[in-house]
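The sequence shown begins at 1154 in our numbering and counts up by one.
For glycine and all other residues, C-beta sits at the position ideal for the given N, C-alpha and C.
Below: the structure, in structure tokens.
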Amino acid sequence: MGTRHAETLSATVSGARVAGVTDLDRSRAEKLAASCGLDVMVFENERTLIQHDGIDAVVITTPDDTHAGLVMECLQRQKPVFCEKPLATTVKDARRIVEAEVELGTKVIQVGFMRRYDPQHLDVKDAIDSGAIGHPVLFKGTHRNAEAAPGSSSESILVNSAVHDLDSARWLLGQEIEEVYVHGTNTGAASDGEVLDLQVIQLKLGGGCLANIEVYVNAGYGYEVDLEVVGDAGTIHIAPANAPVLRKQRYAGHPVEGNWLERFPAAYVLEMQRWIENLRDGQLTGPDAWDSYTSLLAVETCIGSLHSGTKRPLGVPSARSCTSEARRGFWLRTIDRTRTSGAEDGMEDLGDLTLLGVDIGTTHVKRALTTKTAASSGLPTVALPSDGSGGGRVRGPRGRAHRLGGYPAGREAVWAAAGDRGN
Ligand SMILES: NC(=O)c1ccc[n+]([C@@H]2O[C@H](COP(=O)([O-])OP(=O)(O)OC[C@H]3O[C@@H](n4cnc5c(N)ncnc54)[C@H](O)[C@@H]3O)[C@@H](O)[C@H]2O)c1
């Protein structure tokens, strides 16, 4: 995941550049740093990266069980941090992080629930929020991986994979989960006979909505995230694939993506671009520590249900009271940033320009679905400055070149690992 975020920040996102990398595998970090451009530092370890004054913000893409400790380090240094999901592997650790962020008085954490930036999911969200399908009564989610990540357990499938679906249900329906009931089975495809690699999660949410979520991590044929929301006045279903349908010899079909990187290319670009814009504006708007904490509450309750074979309540009243308490302290301070000002060299100052140049759902963004780099999509690209000014030249589809007001010299976005292996 680190490699993808690095490519995105280096090639597509404006207003930031990769300034440093670290990984347990140093050669991996060096290779990634070299591919991100000139002057990218390679750090000995996570701590030295997080503490470095030239590092403005941190992206964490290390394995799940390292997240909570690294996020706490970022909070101690008051560094904005984008942490891949899950924020932590236990509710207790997630709660500690929420409390530390509240204590800080500034919202500095964003979590990688990238489905919230997927154009198809955003269309579903619009349909629900606009009332186009009436009152939502059923959420039907399917989450299939071609094969389980090495070392997966019945519990890690919930912590690592189902957490996306639980967040999706909360976010799309705008309701908290009130009750869970989980069944699991070991399919023939599971390498470990103990692992329940197919799990069906039933939810009751506030507002009377039900949900049925299938998580199958050994589906074999490919990677699929499918979603239908049924309302009392209609339903909305995301399209099955970002590909044309081939009809031939009494057969109609389309290819299926192999993994999440192929399925969600636009979402990964948009979540990074918005994150950087939000940092520059001093106000984070993406999925936050609270969203993560609440989703992990649901995950742990699902684990309890899986073990006991019974339905389990989620303890929503305390969750709700925590929400108002925890949120009260947020957003009090803006992130410390001194932005370079004004136009230079006769160039127009584009300030907060998004280099994707468009809003979600427009043609330009949809074009990003079919391409990995902005350069080949005709979308604007950033030429990284070699003088350390933090600004960049923007080249758009019409060949315009502008100077950006960027972060001050040497204070740019960075992250903490280089990998691209698991889920
Ligand atoms: N949002 C998504 O769609 C999505 C998709 C895939 C993975 N993820 C998440 O991203 C994270 C990384 O997954 P991945 O598939 O890229 O894993 P990966 O195994 O491919 O990469 C992890 C990297 O972290 C390095 N590493 C391990 N411990 C470290 C430490 N303490 N300090 C520095 N580096 C360390 C490893 O050497 C490896 O290069 C996981 O938390 C995973 O859940 C999210």
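Beta-bridge pairing of residue i - partner residues as DSSP gives them
i, result
"residue 1278", "According to DSSP, residue 1278 bridges with nothing at all."
"residue 1364", "1292 and 1356"
"residue 1595", "The structure shown does not extend to residue 1595, since the chain is modelled only from 1154 through 1576, so no value can be given for it."
"residue 1405", "1400"
"residue 1297", "1369 and 1377"
"residue 1466", "1332"
"residue 1351", "1338 and 1369"
"residue 1173", "1194"
Buried/exposed call for residue i, threshold 16 Cβ in 10 Å
i, result
"residue 1261", "buried"
"residue 1197", "exposed"
"residue 1239", "buried"
"residue 1263", "buried"
"residue 1393", "exposed"
"residue 1369", "buried"
"residue 1438", "exposed"
"residue 1168", "buried"
"residue 1273", "buried"
"residue 1424", "buried"
"residue 1156", "buried"
"residue 1344", "exposed"
"residue 1455", "buried"
"residue 1258", "exposed"
"residue 1521", "Summary for residue 1521: the model assigns pLDDT 29, below 50, so the residue's position carries little reliability; its value from the coordinates is reported in the next sentence. Its Cβ being crowded by 16 or more others within 10 Å, residue 1521 is buried."
"residue 1331", "buried"
"residue 1400", "exposed"
"residue 1491", "In this prediction, residue 1491 has a pLDDT of 26, which is less than 50 and means its spatial position is unreliable; nothing more can be read from the coordinates."
"residue 1309", "buried"
"residue 1201", "exposed"
"residue 1242", "buried"
"residue 1215", "buried"
Test: residue i CB closer than 8 Å to a CB of chain D
i, result
"residue 1380", "Protein chains in the displayed structure number just one, and chain D is not present."
Residue i CB to nearest heavy atom of ligand 1 below 7 Å
i, result
"residue 1177", "yes"
"residue 1161", "no"
"residue 1295", "no"
"residue 1232", "no"
"residue 1267", "yes"
"residue 1444", "no"
"residue 1238", "yes"
"residue 1428", "no"
"residue 1413", "yes"
"residue 1154", "yes"
"residue 1200", "no"
"residue 1217", "yes"
"residue 1395", "no"
"residue 1365", "no"
"residue 1313", "yes"
"residue 1242", "no"
"residue 1214", "yes"
"residue 1248", "no"
"residue 1181", "yes"
Segment limits, alpha helix (DSSP H) that includes residue i
i, result
"residue 1338", "Careful: residue 1338 lies outside any alpha helix (DSSP H), inside the beta strand (DSSP E) at 1330-1338."
"residue 1158", "1155-1164"
"residue 1387", "Element bounds for residue 1387: not the alpha helix (DSSP H) but the beta strand (DSSP E), 1387-1390."
"residue 1381", "Careful: residue 1381 lies outside any alpha helix (DSSP H), inside the beta strand (DSSP E) at 1377-1384."
"residue 1244", "1244-1257"
"residue 1446", "1442-1461"
"residue 1304", "Here residue 1304 belongs to no alpha helix (DSSP H), and DSSP marks it neither H nor E."
"residue 1320", "1316-1326"
"residue 1431", "1418-1434"
"residue 1181", "1179-1188"
"residue 1224", "1220-1229"
"residue 1199", "1199-1204"
Residue i CB to nearest heavy atom of ligand 2 below 7 Å
i, result
"residue 1195", "Here the bound small molecules are ligand 1; ligand 2 is not part of this structure."
Residue closest to residue i, alpha-carbon to alpha-carbon, out of the options
i, options, result
"residue 1173", "1424, 1194 and 1159", "1194"
"residue 1314", "1296, 1223 and 1322", "1296"
"residue 1210", "1229, 1225, 1235 and 1188", "1235"
"residue 1221", "1249, 1202, 1206 and 1230", "1249"
"residue 1275", "1321, 1257, 1168 and 1202", "1321"
"residue 1166", "1433, 1442, 1413 and 1454", "1433"
"residue 1351", "1448, 1342 and 1358", "1342"
"residue 1212", "1170, 1290 and 1187", "1170"
"residue 1298", "1226, 1191 and 1376", "1376"
"residue 1217", "1158, 1237, 1206 and 1199", "1237"
"residue 1326", "1230, 1301, 1359 and 1447", "1359"
"residue 1270", "1324, 1355 and 1175", "1324"
"residue 1363", "1281, 1333, 1449 and 1421", "1333"
"residue 1204", "1232, 1461 and 1435", "1232"
"residue 1464", "1422, 1408 and 1355", "1355"
"residue 1161", "1287, 1414 and 1431", "1414"
Residue i: first and last residue of the uninterrupted beta strand (DSSP E) it sits in
i, result
"residue 1151", "The displayed coordinates of the chain run from 1154 to 1576. Any statement about residue 1151 would go beyond what the structure contains."
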